[in-house]
Structure formats: structure tokens, C-alpha cells
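Per our numbering: the sequence shown = residues 2 to 585.
Below: one structure, written as C-alpha cells.
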Amino acid sequence: MARASHVCGSGLWCPPPPPGPLPTFLRRRPWARYGWAVTRHRAFALELASVSLISAGLGTLACQDAADVGAETALSHAEPAEGSPSAAPEDGSARAEQKRAPLPPLVDLYGKSPPHDEAAAEPGPRIYSRAMRTWIHEKPSKESKRIGYLRAGASSLTSAEPHGHDGCRAGWYPVSPEGFICAGRRATLDEDDSIVRATIAHPPNFSRKLPYIYGTVRRRGPIYARLPSRDELVGAESDVEERMPKWLDAGGEIGASYAQHVWLGGHPAPDPRAAWESQTSDPVPWFLRDGGIVPNIRGKKRDKGVLTLGRMGRRVGHSFLHTFLHDGRRYGLTTDLRLFPTDRLRPIQGSSYHGFNIPEQIDFPFAIIRHPKARFWVYQKSKNKLIDAGAAEYRSAVKLTGKQKFFRKRLHFETVDGKYVSDRHASRLDPVKRMPAWGKQGEKWIDINLTKQTMLLLDGTRPVYATLISSGEAGLEDPAHTTATKRGIFRVHTKHVTATMSSDEVGEAFELRDVPYVQYFDGDGFAIHGAYWHDRFGTPKSHGCINLAPEDARRIFHFTEPQVPRGWHGALLPLKGTVVFIHP
Numbered sequence: 002m003a004r005a006s007h008v009c010g011s012g013l014w015c016p017p018p019p020p021g022p023l024p025t026f027l028r029r030r031p032w033a034r035y036g037w038a039v040t041r042h043r044a045f046a047l048e049l050a051s052v053s054l055i056s057a058g059l060g061t062l063a064c065q066d067a068a069d070v071g072a073e074t075a076l077s078h079a080e081p082a083e084g085s086p087s088a089a090p091e092d093g094s095a096r097a098e099q100k101r102a103p104l105p106p107l108v109d110l111y112g113k114s115p116p117h118d119e120a121a122a123e124p125g126p127r128i129y130s131r132a133m134r135t136w137i138h139e140k141p142s143k144e145s146k147r148i149g150y151l152r153a154g155a156s157s158l159t160s161a162e163p164h165g166h167d168g169c170r171a172g173w174y175p176v177s178p179e180g181f182i183c184a185g186r187r188a189t190l191d192e193d194d195s196i197v198r199a200t201i202a203h204p205p206n207f208s209r210k211l212p213y214i215y216g217t218v219r220r221r222g223p224i225y226a227r228l229p230s231r232d233e234l235v236g237a238e239s240d241v242e243e244r245m246p247k248w249l250d251a252g253g254e255i256g257a258s259y260a261q262h263v264w265l266g267g268h269p270a271p272d273p274r275a276a277w278e279s280q281t282s283d284p285v286p287w288f289l290r291d292g293g294i295v296p297n298i299r300g301k302k303r304d305k306g307v308l309t310l311g312r313m314g315r316r317v318g319h320s321f322l323h324t325f326l327h328d329g330r331r332y333g334l335t336t337d338l339r340l341f342p343t344d345r346l347r348p349i350q351g352s353s354y355h356g357f358n359i360p361e362q363i364d365f366p367f368a369i370i371r372h373p374k375a376r377f378w379v380y381q382k383s384k385n386k387l388i389d390a391g392a393a394e395y396r397s398a399v400k401l402t403g404k405q406k407f408f409r410k411r412l413h414f415e416t417v418d419g420k421y422v423s424d425r426h427a428s429r430l431d432p433v434k435r436m437p438a439w440g441k442q443g444e445k446w447i448d449i450n451l452t453k454q455t456m457l458l459l460d461g462t463r464p465v466y467a468t469l470i471s472s473g474e475a476g477l478e479d480p481a482h483t484t485a486t487k488r489g490i491f492r493v494h495t496k497h498v499t500a501t502m503s504s505d506e507v508g509e510a511f512e513l514r515d516v517p518y519v520q521y522f523d524g525d526g527f528a529i530h531g532a533y534w535h536d537r538f539g540t541p542k543s544h545g546c547i548n549l550a551p552e553d554a555r556r557i558f559h560f561t562e563p564q565v566p567r568g569w570h571g572a573l574l575p576l577k578g579t580v581v582f583i584h585p
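Right under this line is the structure:
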């Protein structure tokens, strides 16, 4: 298969063509079955004009942020481009001119997260986010570049007085480790603000594989603004008295016995039947006491005392800050402060898979078993045939000798214990044969092989981690018109701890709230991110993005540059992020 010149130019090493026929998933397939749609809010179009990273392609088939959360679209299509620094007031300009200093990662490649006491914050005035996105500007000026953002509940030590008022009536306040926030609708100095109080105790949790609690809608129902009384519950959900016993009795993933620990962040959960029958209640959040309603983080108009905020969408994935029992039923509070009865959701555990540290866990040459039915084989020379030697553990790493042979026109790799495994079921990884300039210069970089469905992380010339991915379903087709992954050399330019994505497929429509650990590397919306909704890593599955198992996404997000400072929810750094090399 011919290779695009931009992939292998500039003297960069190109891997040899895969021996034998291409894997089935990379052969030509009709792409018209797949579609990609991104909804855009008209109001947000005005915000795009002020973003220093301009959208480069809203109609591509790459995976992209959904615009339902307002400003998220700007970062999904961020074009890595240079721009001259905007003018800023003299007050605070010295701070703004400081170069971004390297930050230690919050999670290492072994998955370890150093303990951090959020309560032990430095004394002094603080500025708090009270919106899903509170932009951080490089300088105290509306016209300066956006370099990141905070999410509701996050805060930073700041100054007692603002550093100017250019485009911001309430003034610009410095944040750690750099940048300025405009106080006003999206940020406040008041720690008693209702949105701040509702969210401050539930930041993203970096000590577990998913930063929030997740569930997908299984049975549609109302979204609540406040906790319903018993009579209101029956009025809003006329089938509740009949449906709850059925849910309690059901088995498998649709019943009350399935993964209820998820709703408590992995801790044991009370028996749902006992809780329902005894009408058990936990202490409820302060804002829901005495008929109170959830704070209005979206700023949309609401009727006084409103009970519901619409209905759940089918097959939508939601993220939750925490959950609690009320009158025997468990409710979850979403990151945008809405109440969902969790019995209408399927709790999401996320794949348990993660990759391998090099050389501590495995060293070259080795293979990762990517097929659940992979087998080992022993070659019987006297009869010139392969004899079944048992199952190969799915997604295990197997040490190889480096030798390989064709049996029945299919390439097989030899393991150190004299067995063979087919390249249809395993991906072989070897040292980089020709090191690119950025590696020789000591930069971190990522090597992604679409044929093998593997990702290799390197710290300069030193390989440190390897894992399986899921790339675009259309294999090696044209990414401009299909769901194939874009190939080339890129740099990570925008990172989100979580971001919302939307997709439309023929026969299926779903929206994914707070997709974890998103790293955009291209102006057309292509990204590396965690996938909590499937467990088929090692097989193309996405709409063009690079899908990772949640634990891999957590580790790799914190390995790459730009680092997202503690307390921030996203960061932008065009042209200077980690190199991403994607090739066949």
C-alpha cells in the first residue's frame, strides 16, 4: 500500500509494509454507513472569534466536542498556529510574560498519583470558577490568548486587588501557576456562592481510572431540579411503583444487582432492595434541603419551584459528582448540577485493561495479544505442522525471540519458550530503528501504529510504555471522507480532563458527556482520549480518534505536554506539545 509522503518525509523512519495480506479491519469497506455530526450553538459563534486558536474544519468526520456545553467547541477544533501576543495593561504584564515552567505530572506511568490535601490550600484570597468553563487568559486583557480554563468549584490563590480592567468590569485576577481570570458571571471571589459550594467538594478524582462517576441512560425518564415528594414522584413517573420491583428483580446489567458500587466511587453500596423497601435516606446536599433546587449553572431561565428539567436522552452517557439515597431511591448529581435517578442508568465500570511499562514489565521484542481467541502453537518439524499449545491470555504481553516464520501464508512470532502466535492475533513491538530528531533532542513523543493497533510512548530515545488502541473504523481509508484516523506528524495542542462528545450513526445515536482525558493533536478535531463505553482495544472502533482504555488514558494524559496544572480542567499550548507520530 502506498504511503503518503507527509508521513514518512524528512528522513523519518517508516515501518516496512506488513507481511502478507492486511488485517481484515484495514481492508476497504463502505464508509457511507457511518456519519458524524456535531451540533453547534449559534450563540457560541461569537465566542469563537475571540479565541486565538481558530476552527479549521467543522464538517469533518473526526471525533469532536459537542457544543451543548457552550465554549467546548472552540477547543475541539483548535488549530495549532502561532499568534503574536496581544497587548496587555502594564499592571501584571511581567507575570504574563513568564514562560510556562515544566510541571510535575499528577499521575505517573505506573498509575501512581501522589497524595494531595485539597483542604490544605494556602491562606489568602481565592478566585473560584462558577461555570463549566472559566477561561484563563495569558494576560489581564480580553484580547490576550486563552491558555486554559477552570471548571465550577475549582479555585486558585489570587491577589486582593485586580490587575486591570481591560474588557472586564470586575477586574482580572491572577491564578496559579500563570494567567488571569475575569471576575463576573463565570468567576467569583465569594466562597459562599451557591454554585461554588455545590461543586467545590467534588473535583475530578485522579486516583482512579475515571475522573467522575459514569452511567449511560438505559430507560428514559425525567431529569429533576429538586427531590420529588412521594406524590410528585408518582406524578412525574407514573410507572415507578410497577417498574422499581422489576428493576430490583432483574438480573444482568439491567438489574439492581449490577455494579452498584460504581455509584459510590468503588465503595460497597447498600442493598437497593432493602433501601427501597425501608425508604432509606442519606444526608442530602445542602441546596436540596426543604424543597430547594439545584443551582443554575447554565444560566437558563427556570420557573420558580420547577420539579423537572426535561427528559433523559436515549443511550446518553453522563458523569456524576456524587450520588445519595432519598426515600429509598438513589439519585446522582451530574457535573452540570442536574438530578438523575440512577435506576434508569447502567453504571459504567470502564475497561480494566492497561498497557505495560518498559522495561520493568516487558522488554523488546515482545507482542501484545489483541484477540480474545488467540492461541499458541508449537511447530512439529517432523510432520511440518503446527500443534495447538493452548490459549494465549487476552491482552497479555509475551516476550519474543525476534524470530518469525510463515505458516500457511500467515506470519507467526516465536516466543521465548518456543511457541508461536499469529500476527492476526498479536501485535509485535520492536525498538525504533531510526530515531527522529525530536527523540534525539530528548522530547517525549508518541508512536501510533494503525496496522498493529498499538501505541508506544518514548521519553527521548527511551521507550517507556506500550499499549493497545482503537483507531478509526475505516482503517487506512481517506480520513477526509471516512471514519479513518488521520496519519502524519502532529503535536498535542489542547488537553481537557474531560470534554463532551457527540456522534450519529445509522441505527444508533449517542452522546458522551465528560469523555475522559482528551488530547487534541490536529486542527480537524482528531484526539487521543479515554473510552468508557467499549472494551475492544486492539481493534478499530472509533470515528477517527485514538481510543484508549480509561486507565491508559489517565496515565498517558499526565505523561504528555502540555501538563494541565493542578486545579485546571484544560490547557492550550500550540506548537509546543508532545509529538504524535501516526503511521500505517
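Yeah, the Cβ is synthetic: ideal placement off N, Cα and C, and Gly gets one too.
Being a predicted model, the structure only gives us computed values, none of them experimental.
What do you reckon, are the CB atoms on residue i and residue j nearer than 8 Å?
| i | j | result |
| --- | --- | --- |
| Leu549 | Ala572 | no |
| Leu513 | Gly318 | yes |
| Pro585 | Gln454 | no |
| Phe181 | Pro126 | no |
| Glu562 | Gly539 | no |
| Phe365 | Pro432 | yes |
| Ser160 | Tyr129 | no |
| Ser472 | Ile547 | yes |
| Asp194 | Arg152 | no |
| Leu322 | Tyr213 | yes |
| Leu158 | Glu192 | no |
| Leu457 | Leu477 | no |
| Ile388 | Thr217 | no |
Under DSSP, the alpha helix (DSSP H) around residue i begins and ends at which residues?
| i | result |
| --- | --- |
| Pro273 | Pro273 to Ser279 |
| Glu242 | Val241 to Asp250 |
| Arg197 | First, the amino acid is wrong: residue 197 is Val here, not Arg. Ser195 to Thr200 is the span of the alpha helix (DSSP H), which, as asked, contains Val197. |
| Ile557 | Pro551 to Phe560 |
For residue i and residue j, what's the separation of their Cα atoms in angstroms?
| i | j | result |
| --- | --- | --- |
| Glu465 | Arg331 | Per the sequence shown, residue 465 should be read as Val rather than Glu. Roughly 43 Å between the two C-alpha positions. |
| Gly252 | Pro273 | 13 Å |
| Leu412 | Ser423 | 6 Å |
| Ile449 | Phe560 | 15 Å |
| Leu459 | Glu162 | 44 Å |
| Pro517 | Pro575 | 21 Å |
| Trp446 | Gln381 | 42 Å |
| Thr501 | Leu326 | 27 Å |
| Pro103 | Gln362 | 28 Å |
| Asn358 | Ala554 | 14 Å |
| Ile370 | Val417 | 15 Å |
| Ser580 | Pro566 | The sequence as given places Val at residue 580; Ser does not occur at that position. Going by the C-alpha atoms only, they are around 20 Å apart. |
| Tyr259 | Thr343 | 12 Å |
| Thr483 | Ala475 | 6 Å |
| Ser77 | Leu310 | Only weak support is given to the placement of Ser77: the predicted model assigns it a pLDDT of 46, under 50, and the question is left unresolved by the model. |
| Asp291 | Asp283 | 14 Å |
| Lys599 | Trp378 | Only positions 2 to 585 of the chain appear in the structure, and residue 599 is not among them; the question remains open. |
| Arg198 | Arg209 | 24 Å |
| Arg316 | Arg220 | 9 Å |
| His138 | Gln564 | 16 Å |
Name the DSSP bridge partner or partners of residue i?
| i | result |
| --- | --- |
| Leu340 | Tyr225 and Leu334 |
| Arg303 | Bridge partners of Arg303: none, in fact. |
| Glu415 | Tyr421 |
| Cys183 | Trp173 |
| Gly571 | Tyr150 and His497 |
| Tyr215 | Ser320 |
| Ala188 | Ser130 |
| Ala392 | Arg376 |
| Ala427 | Ile370 |
| Phe582 | Asp448 and Ile490 |
| Leu158 | Arg127 |
| Asn548 | Ser471 and His530 |
| Ser142 | Asp167 |
Heavy atom of the ligand SAH less than 7 Å from the Cβ of residue i, yes or no?
| i | result |
| --- | --- |
| Thr281 | No copy of the ligand SAH appears in this structure; indeed no ligand is present at all. |
Which residues mark the beginning and the end of the beta strand (DSSP E) in which residue i is found?
| i | result |
| --- | --- |
| Arg347 | Leu346 to Pro348 |
| Arg231 | Arg231 -> not in any beta strand (DSSP E); alpha helix (DSSP H) instead, spanning Arg231 to Ala237. |
| Val399 | Ala398 to Phe408 |
| His164 | Run containing His164: none; DSSP gives neither H nor E here. |
| Thr135 | Thr135 to His138 |
| Gly311 | Thr309 to Arg312 |
Could you tell me which uninterrupted beta strand (DSSP E) segments, each at least 3 residues in length, are contained entirely in the region 439-479, listed from first to last along the chain? Counting only runs of 3 or more, we get 445-450, 455-460 and 463-469.
Which parts of the region 514-539 are runs of the alpha helix (DSSP H), unbroken and 4 residues or longer, counting only runs that do not cross its ends? Complete alpha helix (DSSP H) runs here, min 4: none at all.
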